[in-house]
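S.K.: The structure under discussion is supplied below as structure tokens; questions concerning it will follow.
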Amino acid sequence: MMQTFRNNMKAIFFILIFFFVGWMAVTLTGFDDYIIQQNKADVRGMQYAGIVNGENISRSIFDQRIQRTVDLATSQREGASLSAWEIEQLADQVWNEMVNEIVFRKVYQRHQIEVTDAEVIEYIKANPLPELMRAPELQTDGRFDYDKYLAILANPQAGSLVLELERDARDKIPSFKLFLEIASLSKLTEAQIERAYKEREEKVQVNYIRLNTDSLVSDQEVAVSEEEIKQYYEANRKKFDRPEMAALDYLFIPVTPGSDDTLAAQDTLSRVLELLDKGENWDSLALKYSRDQLARSGGDLGWFARGDYNDNRMVDLAFSLKPGQVSKPTVTDDGCQIVRLDSARTRNGKREVKAHRILYTIQAGSKKISELRTRARGLRRAMHDSEQGFHQVAVDSGFTALSTGLFAIGSPVPGIQVSRELLDFVYSAKQGSLSYPLNVYLRDSEGGEVVLIALVVQRKDAGITPLAEAADSIRYRLMLDKKKIKCTELIQTLTADYDQYENLEAFAKAKGMSLVASPEFTRLTGLEGVGRNNAFIGTAFGLPVGRKSGIIETGDNFYLLEVVSRTEADNSRLQQSRDRLVQQLTSQRMQMLFSLFTNELLDKTAIEDLRKIQHPDSLARAMN
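Structure follows, in structure tokens:
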């Protein structure tokens, strides 16, 4: 044994030297402390989701609350599962709630805010939860029945529900009391009320000249070096922090009803006519069958003449009836409907009718949608298998491929109304992924339902935008700044004789400039294309009628303006709207003060977020 050791002494010696040097490197660089600290963070992350002002948030309690929140959200969808993105949003919501609970608990103690049993009872009675207001057992004729709600609260068998409502009340009442306490620190003065009224009611109309920076100075007249771009980037890195981004190319197949769907709508309204013949109430049937905003009023169209409604075929149908007569199911522009004429009259030489309707919109049925999805799956297979790719297959199949451009994941998708399926795909898909057929609605004026196939053409991780990507926007920004400096000099030369002209119109004509006449606007509305709460708006309301302004710099443009007319606020009408105005102003100020208080409080709070350190159980659940 010893002989073997002696024979291998040289090799053992080098191994010892290697480990010694490695140990010294780790120790001298402080890497051993880093490893120890990292291990401590990992251990704490397994026990706690976070630490707020030294108080631990239990990992197990955090996970339990997420699960309860997800279960509640799922139950509100009648068991439909949530997307991965939606679950992450709910997890963030739970985290913020638990942080706020710790932070505000100490504030409540400091302000001696307490909650009495009587306050809890009154709160529960006055504030039914939204999910309870939608519960079928608490509805009467399709509306929330408050008496049924009170009956459930009084039912001894609803003990678990009452306990849940009590917890909700005890969580929210202290926050409401603190809100009122902080908001009460600021009182509205009479001068503030009058100023707010004036901002809403005083109007001006102006003529103006816009001096566009890009038009006055060309790109060739200013130069921006790479070093300037780099310096700006380094000095403003926070401006380039971006969320996770994605870009989609997509095509869609419109979901249009077929002849079978039209027949189905007509059959439904034929059954409604049979029920009416049997003596059933029109208003009840309208509430049950009509797919119309007027359903709650029994489909009351009121008095109308030709031209008052866009659905001309419905108008023609109503005018063809006699008072008391009900039409057959008829397909019009809005859908399939039956119309009941109530009365007719001639007013100011014009015939008018009063009518009710039950409108049943013609929608594509499951058979039609299944056909479209089968077609879309065929397109997807062709795109997946073909070397020509997404765009060529789309063109060859008679479709136009559209693009969303880059958007933040979780924010609205340009051109498409976000659906749960689409959110889930965008959240989890990698660059180059092709979606399966998705049913979504477009964001155009029609807003119609379509079957969509999307390709993820670009994906960018959250973080600081690299300099290479940010360079073009920085160059444009710096060029614009340099152009504005040159513009100031040019405009001063251009307006050297400005004061000699009687009005702005004469100056514009002499210099060959475009003069714009604005509509009337208030301080509150501002002016389209110019904005509000800026130097242009301030000048417009500060000058007397007929006075020309000096050079006004607003945003990236320069302006000259002249006040043409002014409509003063009618102070005699202030008393008529005073109560409503005071209520609005008070609410705005209260919310602003409480928001400032909350933001300042959270800024001073020490928050250590350990959520990203996976607990073994959480990891196992995610894998399952």
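Its first residue numbered 1, the sequence shown is counted upward by one per residue in the UniProt record's numbering.
Glycine included, every Cβ here is placed at the ideal spot set by N, Cα and C.
This structure is a prediction, so every number in the text was calculated from the model and none was measured.
For Ile-209, name the three-state secondary structure that DSSP assigns.
M.R.: Reduced to three states, the DSSP call for Ile-209 is strand.
S.K.: Helix, strand or coil for Gln-112 per DSSP?
M.R.: If DSSP states are grouped into helix, strand and coil, Gln-112 belongs with coil.
S.K.: Which first and last residues belong to the beta strand (DSSP E) in which Lys-322 is found?
M.R.: Counting along the chain, Lys-322 falls outside any beta strand (DSSP E), and DSSP gives it neither H nor E.
S.K.: Ignore the nearest five residues each way along the sequence and tell me which others in Lys-148's own chain have a CB closer than 6 Å to its CB.
M.R.: Only Leu-138 meet the Cβ criterion.
S.K.: My understanding is that Phe-399 touches Leu-251, with C-beta atoms under 8 Å, so please give their C-beta distance in whole angstroms.
M.R.: With 8 Å as the limit, Phe-399 and Leu-251 qualify as a contact, their Cβ atoms being about 4 Å apart.
S.K.: Is the distance from the Cβ of Thr-69 to the Cβ of Gln-93 below 8 Å?
M.R.: Yes; because the gap between Cβ atoms is below 8 Å, this pair is in contact.
S.K.: Using 8 Å for Cβ pairs, my map puts Gly-50 next to Arg-611. What's the rounded Cβ distance?
M.R.: Yes, Gly-50 and Arg-611 are in contact; Cβ-Cβ is about 6 Å, under 8 Å.
S.K.: Leaving out the 5 sequence neighbours to the left and right, which residues in its chain are closer than 6 Å to Ser-403 when beta-carbon positions are compared?
M.R.: Correct list, in chain order: Asp-249.
S.K.: Just curious, the alpha helix (DSSP H) that Ala-538 is in, first and last residue?
M.R.: The identity of residue 538 in the sequence shown is Gly, whereas the question assumes Ala. Note, Gly-538: alpha helix (DSSP H), 535–542.
S.K.: Touching or not, the stretch 314–326 and the stretch 344–353, by the rule of three or more beta carbon pairs under 8 Å?
M.R.: Cβ pair count under 8 Å is three or more, so yes.
S.K.: Given Tyr-309, which residues of its chain have a CB within under 7 Å of its CB, disregarding the five upstream and five downstream residues?
M.R.: Counting only Cβ-Cβ distances below 7 Å, and skipping sequence neighbours, we find Val-315.
S.K.: Might you give, ordered along the chain, the residues of its own chain that have their beta carbon closer than 8 Å to the beta carbon of Lys-125, omitting 5 neighbours on each side?
M.R.: If we look at Lys-125 and ignore the five residues flanking it on each side, its Cβ neighbours are Leu-150 and Leu-153.
S.K.: Taking DSSP as the reference, what is the three-state secondary structure of Leu-82?
M.R.: If DSSP states are grouped into helix, strand and coil, Leu-82 belongs with coil.
S.K.: Of the choices Leu-185, Gln-109 and Met-479, whose alpha-carbon is the least far from that of Val-224?
M.R.: Minimum Cα distance to Val-224 is reached at Met-479.
S.K.: Name the DSSP beta bridge partners of Met-245, please?
M.R.: In the DSSP output, where bridge partners are listed per residue, Met-245 has Ala-408 and Lys-460.
S.K.: Tell me the rounded alpha-carbon separation between Trp-95 and Leu-161.
M.R.: If I take the Cα positions, the gap works out to 24 Å.
S.K.: Roughly how many angstroms separate the alpha carbons of Tyr-123 and Gln-363, rounded to a whole number?
M.R.: If you take the alpha carbons of Tyr-123 and Gln-363, they lie about 43 Å apart.
S.K.: Starting from Tyr-233, follow the alpha helix (DSSP H) in both directions and report where the run begins and ends.
M.R.: Unbroken alpha helix (DSSP H) run through Tyr-233: 226–235.
S.K.: Suppose the cutoff is 7 Å on Cβ atoms and the five residues either side in sequence are ignored; what does the same chain contact list for Gly-432 look like?
M.R.: For Gly-432, where only same-chain residues beyond five positions count, the Cβ hits under 7 Å are Val-456.
S.K.: Would a C-beta distance cut-off of 8 Å place Gln-559 and Tyr-208 closer than the cut-off?
M.R.: Here the sequence assigns Tyr to residue 559, which means Gln is not the residue at that position. In contact: Tyr-559 and Tyr-208 (Cβ atoms closer than 8 Å).
S.K.: Relative to the C-alpha of Lys-439, which residue among Asn-599, Ala-376 and Asp-300 is closest?
M.R.: Here residue 439 turns out to be Asn, not Lys, going by the sequence shown. Nearest of Asn-599, Ala-376 and Asp-300 to Asn-439, Cα basis: Ala-376.
S.K.: How far does the alpha helix (DSSP H) with Asp-481 in it reach, from first residue to last?
M.R.: Looking at the DSSP string, the run of the alpha helix (DSSP H) that includes Asp-481 is 467–494.
S.K.: So, is Phe-176 buried or exposed, given that buried needs 16 or more other C-beta atoms within 10 angstroms?
M.R.: So Phe-176 ends up on the exposed side.
S.K.: Pro-466 to Leu-422, Cα distance in whole Å?
M.R.: Going from the Cα of Pro-466 to the Cα of Leu-422 covers about 28 Å.
S.K.: What residue range does the alpha helix (DSSP H) around Ser-58 cover?
M.R.: It is not in any alpha helix (DSSP H) - Ser-58 instead sits in the beta strand (DSSP E) that spans 55–58.
S.K.: Where in the stretch 320–406 do unbroken runs of the alpha helix (DSSP H), each at least 4 residues long, occur, reported from the N-terminal end onward?
M.R.: Whole alpha helix (DSSP H) segments, 4+ residues: 366–385 and 389–396.
S.K.: Could you name the residues of the same chain whose beta carbon sits closer than 6 Å to that of Ile-35, not counting the 5 residues immediately before and after it, in chain order?
M.R.: Low local confidence applies: a pLDDT of 40 at Ile-35 is under 50, so the model's placement there is unreliable, with the coordinate-based value given in what follows. Nothing listed; no residue qualifies.
S.K.: Bridge partners of Thr-605, per DSSP?
M.R.: None; Thr-605 has no bridge partner.
S.K.: From Val-450 to Pro-437, what distance separates their C-alpha atoms?
M.R.: When rounded, the distance between both Cα atoms is 10 Å.
S.K.: With Leu-581 and Ile-193 assumed to form a contact (beta carbons below 8 Å), what rounded beta-carbon distance in angstroms separates them?
M.R.: Confirmed, Cβ separation roughly 7 Å.
S.K.: Assign Pro-130 to one of three DSSP states: helix, strand, or coil.
M.R.: Residue state, collapsed to three classes: helix.
S.K.: If you count every other CB in all the chains shown that lies within 10 Å of the CB of Arg-351, and 16 or more means buried, which is it?
M.R.: Arg-351 is exposed by the Cβ-count criterion.
S.K.: Output needed for Leu-82: all residues of its chain with C-beta closer than 7 Å, excluding positions within five of it in sequence on either side, in chain order.
M.R.: Result list for Leu-82: Val-70, Ala-73 and Thr-74, in chain order.
S.K.: Is DSSP giving Ala-223 helix, strand or coil here?
M.R.: Three-state result, Ala-223: coil.
S.K.: What is the DSSP secondary structure of Leu-434, reduced to helix, strand or coil?
M.R.: Leu-434: strand per DSSP, three-state reduction.
S.K.: Residues in the same chain with beta-carbon distance under 8 Å from Asn-557, minus the five sequence neighbours each way, listed in chain order, please.
M.R.: Counting only Cβ-Cβ distances below 8 Å, and skipping sequence neighbours, we find Arg-210, Leu-211, Asn-212 and Thr-213.
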